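Take the sequence shown: its position 155, counted from the start at 1, is 172 in this note's numbering, and no numbers get skipped.
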Amino acid sequence: MNVMERADGAGLREVVPGVFAWVQPDGTWWVNNAGAVADDDGVLIVDTCATEARTRRFLGVVAEATGGAPVRMAVNTHQHGDHCYGNSLLPSDTVVFGHAAMREALLADPIIDGCPPAWTPVPDWGHVTRRPPSVVFTSELTVHVGARRVELRHPGYAAHTPGDVVAWLPGERVLFAGDLLFNGLTPMVLMGSVEGALRSLDWLAAFAPEHVVPGHGPLATASELPEVLAAHERYYRFVLDTAQAGRENGLTPLAAAQAVDLGEFAGWADAERLVLNLHRAYAEAEGGEVDLLAALGDAMTWNGGPLPTSV
């Protein structure tokens with residue numbers, strides 16, 4: 018695997034010839050993975066980054082690796098800013114694809130205009146502007162990068178978010194999973210569904226990929242994927258069990274999180290996401306909706322202060 022690595026550990030890894038993963042340690046809040054698929058007629062970008070600086074660095078190393086091939090297409094795996102705020106730095110003629118729900122969420126997203134002080138330091142996005150996908154779909158769409166077939170697929174239900182998309186290269190057996198997978202750190206389903214995220218694990222396994230690019234954390238091979246999926250399953254069931262016990266005992270999501278032992282998940286980064294995930298689990302069980310600001314406030318309380326960010 019060829020690697021072009023920067024001083025901060027971020028690196029462009031050639032997963033198979035012409036297919037690249039941009040991996041940014043430490044993968045915590047606002048620090049994502051992205052990718053690129055190249056062939057004779059240009060490049061498809063899979064996600065951008067949260068800030069101008071990170072996106073320019075990513076696009077710069079892709080240009081180095083591909084000899085400056087034109088970026089003809091891009092796809093966003095979901096609505097969160099670490100995967101799409103950098104869209105505005107793509108060439109003006111790049112066609113951006115995404116799920117219909119993702120487009121609507123980005124158009125309504127207030128954080129790009131001014132991040133709430135839940136994170137410290139407050140991220141400096143730089144010169145990025147809101148650029149939603151110009152081509153949307155609701156189930157699946159196939160695009161071609163030269164001879165390469167890239168299938169953009171939605172699981173059919175909310176999971177990490179309502180508009181999750183994976184990019185699947187069946188010929189190369191490479192799966193860009195977006196934030197349906199957080200490899201080695203705490204998943205988040207605040208804006209999606211705990212049950213849907215759990216259900217998506219079998220959907221991901223059914224692709225039988227040889228290489229997986231998660232939305233955050235290290236790359237995974239076919240031999241490593243079963244344990245990555247199993248760890249996610251254990252965590253989601255832990256969230257559901259904690260939510261059920263909390264509701265039966267009349268506890269708020271914050272109190273339920275404070276009362277439980279994280280066990281095997283204590284070593285995962287961003288453990289405070291348990292509070293956010295419990296807010297979602299409670300809302301699903303009670304047929305309500307999550308108050309996002311209240312959930313973030315509870316996560317700050319559990320964390321003992323603002324949420325960390327490496328941006």
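From the three backbone atoms N, C-alpha and C, an ideal C-beta is built for every residue, glycine too.
In this text, all values refer to a predicted model and were calculated from it rather than measured experimentally.
- Of all alpha-carbon atoms in Val245, Ser105, Ala312 and Asn200, the one lying nearest the alpha-carbon of Asp219 is that of Val245.
- For Ala118, same chain residues with a beta-carbon under 7 Å away, outside a window of 5 residues either side, are Pro179 and Gly180 in chain order.
- Note that the stretch 81 to 92 does not touch the stretch 121 to 140; fewer than 3 beta-carbon pairs, one per stretch, sit closer than 8 Å.
- Per DSSP, reduced to three states, the secondary structure at Thr45 is coil, with no helix or strand assignment.
- Annotated three-state conformation of Trp142 is coil, per DSSP.
- Spatial neighbours of Thr238 in its own chain (CB-CB distance under 8 Å, excluding positions within 5 residues in sequence) are listed in chain order as Glu227, His228 and Val229.
- The beta carbon of Glu306 lies closer than 7 Å to those of Ala300 in the same chain, with the five residues before and after it left out.
- Looking at the DSSP output, Glu168 shares a beta bridge with Thr159 and Trp185.
- Under the 10 Å beta carbon count, Glu189 is surrounded by 16 or more other beta carbons and is classified as buried.
- The closest CA to that of Glu31, considering only Thr83, Thr326 and Gly59, is found on Thr83.
- With a cutoff of 8 Å on beta-carbon distance, Ala194 and Leu221 are scored as near each other.
- Take the alpha-carbon of Leu309 and the one of Leu207: they are about 8 Å apart.
- Ranked by Cα distance from Cys132, the first of Tyr102, Ser109, Val153 and Asp110 is Tyr102.
- Taking the Cα positions, Val60 is about 9 Å away from Ala80.
- The C-alpha of Thr45 lies about 7 Å from the C-alpha of His233.
- Contact between the stretch 153 to 166 and the stretch 109 to 127 is present: three or more C-beta pairs spanning the two stretches fall below 8 Å.
- Rounded to the nearest angstrom, the Cβ distance from Asp56 to Val162 is 5 Å, consistent with a contact under 8 Å.
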